[in-house]
Every structure is written in structure tokens, then in C-alpha cells.
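Here is the structure we will look at.
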Amino acid sequence: MTTLDYSAIRDRRMRTQRLLGEPFGSPTDVVDHLTAVQAQDYHGAKWGIAQRTFGSTSAQIDHLFNTGALLRTHILRPTWHFVRPTDIRWLLGLSGPRVHVANAHYYRTFELDDETLRRSATLLAASLAGEGYLTRREVRQILERGGVIASGPRLGYILMHAELEGLICSGPLRGKQHSYALLDERVPLVTPIERDEALARLTTRYFESHGPATAHDFSWWSGLTVSDVKRGIEQIQSLLLSADIDGSTFWYTALESPARVDAEIAHLLPNYDEYLIAFKNHSAKFDQVVLQRLNREDDAIRAHVVVIDGLVVGGWQRSISAREATVTTSLLRPISQGERSSLYAAAERFGRFLERPTIFDLTPAA
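Under our numbering, think of the first position of the sequence shown as 21, with each following residue one higher.
Below, the structure is given as C-alpha cells:
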């Protein structure tokens, strides 16, 4: 057992996620390392990935997505994630049953019994065969012609069920529209691994890429039961270090990157960035001034999140046109001149990611 404080936890998390230190060489390296990147906001998730690389652009990540080097599907929790083809099958095998349990109420609510789901799967398989990529609207039309009511949320749960069963995953973009593809046509079949092996693999990769974190953090992120999480930790405990803070045990792996430099570093993180969403315990990310403001102004970070030196200091919003991008911040504490300069640099990087000029509207804290 070693000694850590919340400042050290922030620093280690920023480095294990490569928001500090040496960036990754490519977007696929980022997703490999993080294992799964929450991505219901497709454009925000791309920006989160790009901030961990040597200047990847939105168009470059779109290309990787369209060619199947990155896939998007429901996994871990009832939401979309970016995953790599090499990981999608064992992750579905491990987490899919748990997401089905989380969705059971909605399957009943929308009258999605086994027969309806089987009929839907048969229609999807026939329609998508031979790389017949389909948009959500086209899927709905095909299902309804086949006698399956597929409007509104009901269609969403039909598609999610098919994703969790390993039938479908993301296809290439068609303009601005997402499409669906047969998983077997995007990802080669592989020999399944045993559940305990998959559990040990996911546990190792979570604490390597997100630690220090607690067992409850890992349970939240993975969608697995606390019992499963504890078993996973027991399997790899010889690889982990630990520290107790405020009655909670934080697990992590050795950190090889150099100690941090003494400078303000700002990030304009997307709403579901792994630095923010991958933890149930948020104590390390807030100071008391910001927490007190949030209690009164809980809409300040309703969109995206401004982080300086690993601490949440406010929110930001984006407005993107064909000619330019506008970044508008809403800060919850005063910032120094150095922090201001770092925020301007982050906004300029966002513009390079989009490959268009950026207007930055920095609203200081009241």
C-alpha cells in the first residue's frame, strides 16, 4: 500500500490517458489503449481521441471509422462506444449479457419479446448481407415491411439488441448519416476466449489506462457487477499498486512517464470524455470553489467541460459552420494569465482538428 493524494491521482490519470506526456501516434492507438471510448456524441468522441494524438483531424478519424479501423457499437453500458475490431467480440461476450439485464425493463415496455427480436434479426441479416449498409431510416422501413413495428425508441432497442448479440455494428458514414453493417462482414471471426480470461484482460486494461481508480469506478465503467470486478482485481493483483484515500482503495499500475512540468495546461474536453465519464467517484476532479458554484449553477457544464491541470473549472460549447468554429466558455472560477493563454491554445488546437479558423469567446467567472 502506497500513499497518494487527489493531486497525484489527477496527474496519474492525465498521464495514463495521455492528456499529458507523450501523445499517441494515431487515433487507433488511443482506442487500443483505452479499450472503449464512450461515443454517443460521435463528434465529441472524435475530438477526445484527437487530443491524445499528434494532431489528428476530424476527417482523418472519419476515414478510419468508414474503413472499419474504428467501430461504434453498444458495449459495456447501454450507450455507444468506439472500439477496435480486435476487441469488439470478446468485449461483447463479457459485457453484452449485463447490458441486456440493464435493458430488460425497456424490452418489456416496448413489447420486444424473443419472437419479435428473432424476426428483426432475420430481416436485418438478410438486408445487410453483402455489405448492404443501411441507415437507421432504411432499417426502420425494412423492419416495418417485414411486419415489425419499429418507430421511436422501439427501433433503438431492436438495434441495440442486435448489436449486443454480435449481429450488427457500425458501417461507414453516408454523408452525415450513420449506417449499420453485419459484424461478420466488418470483423473476422476469432476463437472466443473464456470469461475469466476476458475479465482479467479488461481489468488489466482499465487500470493501465484509467487508474488510479476504485473497484466501484471500474464497475461503473465496465457495467460489470462489483463481485465480478473484485474477482478481476484478485486475478491481476500482482500487477497492481494500491493506495487508500478517505476510506476508498485506488488501484493503479506503475507509471513510466516523467514527472509533470510546473505549467498550466488546459483541455477543452468533450462531454463524455474518458477522463470524466470513466469514474463513479469524482472527488479528484473538483476543488471546493467549483463544487460550491456547481451546486448553484449546475447548468454550467451541461455541454462540454473545461479542465485545467486536471481540475474541472467550467464548461464550453461549440458552434461549427462550413467556414469557422466558435468556442464559448463559461468558467466557474477566476483564471490566471497563464491559464488564459493555455485555453486559447486549446481552442486553436480545436480549430486545427476541424481544419477551420476558430473564434474563442472566453467568459470569465463572475
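Each residue gets a CB set at the ideal place from its N, CA and C atoms; glycine is no exception.
Asked, Found
"Measuring alpha carbon to alpha carbon, tell me which residue in Leu275, Gly191 and Arg360 is nearest Thr36.", "Leu275"
"Which residue or residues does DSSP assign as beta-bridge partners of Phe102?", "Val57 and Arg92"
"Determine, using beta-carbon pairs with one atom in the region 88 to 100 and one in the region 111 to 118, whether at least three such pairs fall under 8 Å.", "yes"
"So what's Phe306 in DSSP terms, helix, strand or just coil?", "coil"
"With a threshold of 16 other CB atoms inside 10 Å of the CB of Pro377, please say whether the residue is buried or exposed.", "exposed"
"Pull up the distance between the alpha-carbon of Val391 and that of Trp336, whole angstroms please.", "This structure cannot speak to residue 391, because the chain is shown only from 21 to 386."
"Please list, in chain order, all residues of the same chain as Gly166 whose beta carbon is under 6 Å from its beta carbon, the five residues on each side excluded.", "Leu143"
"Of all the beta strand (DSSP E) runs that stay within the bounds of the region 285 to 364, which reach a length of 3 or more residues?", "286 to 289, 324 to 328, 331 to 340 and 345 to 351"
"Look up Leu163 in the DSSP assignment and give the residues it is bridged to.", "Per DSSP, none; premise fails for Leu163."
"Counting along the chain, where does the alpha helix (DSSP H) carrying Ala145 start and finish?", "Asp134 to Leu148"
"Taking all protein chains shown into account, decide if Ser362 is buried (16 or more other Cβ within 10 angstroms of its Cβ) or exposed.", "buried"
"Where are the beta strand (DSSP E) runs, 3 residues long or more, that stay fully inside the region 188 to 253, in chain order?", "188 to 190 and 199 to 202"
"In chain order, what residues of the same chain have a beta carbon less than 6 Å from the beta carbon of Arg104, not counting five sequence neighbours either side?", "Val51 and Asp52"
"Taking three-plus beta-carbon pairs below 8 Å as touching, is the region 75 to 84 in contact with the region 118 to 134?", "no"
"Can you check DSSP and say which residues form a bridge with Ile265?", "Ser268"
"Provide the residue span of the beta strand (DSSP E) that contains Asp381, from first to last.", "Thr378 to Asp381"
"Quick one: Cα of Gly75 to Cα of Tyr127, how far?", "42 Å"
"Grouping DSSP H, G and I as helix and E and B as strand, with all else coil, what is Phe130?", "coil"
"Hey, how far is the Cα of Gly191 from the Cα of Ile355?", "43 Å"
"Skipping 5 residues on each side, what residues in its chain have a beta carbon closer than 8 Å to that of Tyr364?", "Phe380 and Leu382"
"So what's Thr48 in DSSP terms, helix, strand or just coil?", "helix"
"Between which two residues does the alpha helix (DSSP H) harbouring Ser171 extend?", "Segment: none, Ser171 is in no alpha helix (DSSP H) and carries neither H nor E."
"Output needed for Leu288: all residues of its chain with C-beta closer than 7 Å, excluding positions within five of it in sequence on either side, in chain order.", "His324, Val326, Trp336, Val347, Ala366, Ala367 and Phe370"
"Counting Cβ pairs, one atom from each stretch, are 3 or more of them under 8 Å apart for the region 146 to 163 and the region 195 to 202?", "yes"
"Would you say Pro212 reaches chain E, if we count a Cβ-Cβ gap shorter than 7 Å as a contact?", "Considering every chain present, this structure includes no chain E. It has just one protein chain."
"Let me check understanding here. Comparing Cα to Cα, which of Ile169, Arg360 and Ala233 lies closest to Ile297?", "Ala233"
"Classify Ala124: buried if its beta carbon has 16 or more other beta carbons within 10 angstroms, exposed otherwise.", "exposed"
"Just to confirm the assignment, what range does the alpha helix (DSSP H) spanning Phe85 have?", "Ser78 to Asn86"
"Over what stretch of residues does the alpha helix (DSSP H) that includes Gly41 continue unbroken?", "Note, Gly41: premise wrong, no alpha helix (DSSP H); not H, not E."
"Trp240 and Lys305: beta carbons closer than 7 Å?", "no"
"Tyr295 and Arg32 look like a contact to me (Cβ under 8 Å); what is the Cβ gap, rounded to whole Å?", "About 12 Å; that fails the 8 Å criterion."
"Assign Tyr184 to one of two classes, buried (16 or more other C-beta atoms within 10 Å of its C-beta) or exposed (fewer than that).", "In the sequence on display, residue 184 carries Leu and not Tyr. Label assigned to Leu184: buried."
"Would you tell me roughly how many angstroms separate the C-alpha atoms of Ala170 and Val159, rounded to the nearest one?", "9 Å"
"Comparing C-alpha positions only, which one of Arg30, Gly64, Ala56 and Gly68 sits nearest to Pro43?", "Gly68"
"In three-state terms, what does DSSP make of Thr155?", "strand"
"Tell me which same chain residues have a C-beta within less than 8 Å of the C-beta of Asp282, skipping the five on either side of it?", "Per-residue confidence for Asp282 stands at a pLDDT of 49, beneath the threshold of 50, marking its modelled position as unreliable; no derived number is given."
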